[in-house]
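Chains as they are written, first to last, in the working numbering: chain A, 191 to 413; chain B, 191 to 413.
Don't be surprised by glycine CBs; every beta carbon is placed ideally from N, CA and C.
Structure record follows, encoded as structure tokens.
2 protein chains.
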Amino acid sequence: MRENLSQQTAQRLYARIVAEKRLRPGDKLPNEVELSAQLGVSRATLREAIRTLAARGVLEVRRGRGTFVSARVEEIEDFGFGALEGVRGQLRDLFELRAIFEPQAAALACARADDRELADILDRGRAVEDCIRAGRDRTKADWEFHAAIVRATHNEFMTRLLPLIGQAVGTAVASGGHGARLAQDTLRDHALLMEFLERRDGAGAQHAMAIHMRHAMDEMDLQ
Amino acid sequence: MRENLSQQTAQRLYARIVAEKRLRPGDKLPNEVELSAQLGVSRATLREAIRTLAARGVLEVRRGRGTFVSARVEEIEDFGFGALEGVRGQLRDLFELRAIFEPQAAALACARADDRELADILDRGRAVEDCIRAGRDRTKADWEFHAAIVRATHNEFMTRLLPLIGQAVGTAVASGGHGARLAQDTLRDHALLMEFLERRDGAGAQHAMAIHMRHAMDEMDLQ
DNA sequence: ACGCAATAGTTATCAGACAACTTTTGCATT
DNA sequence: AATGCAAAAGTTGTCTGATAACTATTGCGT
């Protein structure tokens, strides 16, 4: 183990809530003295663990009353913490968000991209095509294509969503996407999309991107 | 002040990073003994504050080396901590994202909300109406209405966007939204929206929400 | 039945000590 | 002078035990 005791403790507590279900939403935790004894750590360490979970919205601390499991733990679910299980559900949610978000981003990009940005988008699109035709891995190229489109919206908050989307793409690949079928669809979808982008036809690009998202979700048996 | 000292301390530290810029991304904080003396709190309290910020990705603690401001603070900041100084540009970006996102969320909510969730949404909608008619501040009620809708999508990542939306609402109010005109629009928009929600008419709810977003943006001279 | 003070249960904060890890320093050996 | 290694300095990690402050309940007197 290389992690802090306090972080380990946070994970153990978290496991009691989401995995073991010994603690359910709304439940009250034992008081700090007792709980720290149960877990075999000092009260100070336990409190640091509690702070970590409280910052994530998993626990709610009420002075004089006790510490409680947040009523909406399930919806807060965060990465890097508990288990990669449920990836499938996360993946569906993530693609659902993309399916809403990226077609509109494509439309906005048509309206707002300057010439250099548009050229950049098209370059990256061609790079993806090359990868597919050459049979190389296209994960990175594909991601950069989508990222370039979103950046061209000139919307700060959309750009902030990029890392989230990057994770979606990464997970999708890891869980066995990228069949031959998807590759062919992607080739067609991108051609369509780039045609509209080049003409700065926002409505067209929006629909082309929507189709692209649908294909991706179908191929992965989402929705 | 009713907040914990440790939470207050977290906010003071956070302010040093994003507002005062006394600490920039990558910087090393003073060691814990010195910093706790500077801030006038015990080391234990400071450590709890650090845990809170570390959980949010603002700080990175490296044993034996020190505590550092995360290199990517700017990108991470979504949570409702400080820094409302997003000015007009951010506000436009934020509402643009909402305008894309919330209508679709409303449509999804129609399809997926269980009866209790739907009742909850309608309750909160009525609470907003009451606030407007009574001339009370409706900020909180309004946010809870929108939050209830988004939660009913049962989509984890949409729920994650909630804090962002909360910030949008907060900033909008702070920068002088909430004119009499907007109040009247909101009253009508919500009535329309709730009518469709109650009937679980997804397409209708989607358009009603889109109209609501447009009104809000118009009133604030965005777009 | 009511009001209110005492009490029990709980989190909040402090102080000081020692352990463990990382980087720098300085010295001995080659 | 260069190298390697041990000591030291700087830092976070953890523990202990005490006291303060807040909340809800209990029980008593009226």
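Integer-rounded CB distance, given that residue j should sit under 8 Å from residue i
i	j	result
A:L243	A:A200	5 Å
A:S196	A:E238	4 Å
B:T376	B:I322	7 Å
B:A395	B:L383	6 Å
B:A337	B:D310	With a Cβ gap of about 10 Å, B:A337 and B:D310 do not count as contacting.
B:L213	B:E222	About 15 Å; that fails the 8 Å criterion.
B:A299	B:A342	4 Å
A:F258	A:L219	7 Å
A:A398	A:M348	With a Cβ gap of about 18 Å, A:A398 and A:M348 do not count as contacting.
A:R434	B:A245	As shown, chain A starts at 191 and ends at 413. That puts residue 434 of chain A outside it, with no answer to give.
A:E319	A:L372	Contact doesn't hold; Cβ gap of about 14 Å is too wide.
Identity of the residues DSSP links to residue i by a beta bridge
i	result
A:L249	A:V259
A:K218	A:F258
Outcome for residue i when other beta-carbon atoms lying within 10 angstroms are tallied against a minimum of 16
i	result
B:A324	exposed
B:G356	buried
A:N345	buried
A:R314	buried
A:E292	buried
A:D379	buried
A:A227	exposed
A:A305	Residue identity check: residue 305 of chain A is Asp in the sequence provided, not Ala. Flag for A:D305 reads exposed.
B:D332	buried
B:E385	exposed
B:R186	Not covered by the structure: residue 186 of chain B. The range shown for chain B is 191 to 413.
A:Y204	buried
B:A301	exposed
A:D283	buried
B:Q374	exposed
A:E286	buried
B:A261	exposed
B:R255	exposed
B:A303	buried
B:H402	buried
B:R389	exposed
A:R288	buried
B:R145	Residue 145 of chain B cannot be examined here, being either before or after the span of chain B that is shown, 191 to 413.
A:R202	exposed
Endpoints, the alpha helix (DSSP H) within which residue i is located
i	result
B:R323	D305 to A324
A:G392	G392 to E409
B:V231	Counting along the chain, B:V231 falls outside any alpha helix (DSSP H), and DSSP gives it neither H nor E.
A:E210	Careful: A:E210 lies outside any alpha helix (DSSP H) and carries neither H nor E.
B:A338	T329 to R341
Pull out every residue of the segment 233-252 of chain B whose Cβ sits closer than 7 Å to any Cβ of chain A, in chain order. A234, R237, E238, R241, T242, A245 and R246
Taking a cut of 7 Å between CB atoms, which residues from the segment 279-300 of chain A lie near chain B? Q280, D283, L284, E286, L287, I290, F291 and Q294
Contacting positions in the segment 377-398 of chain B - beta carbon closer than 9 Å to chain A: none
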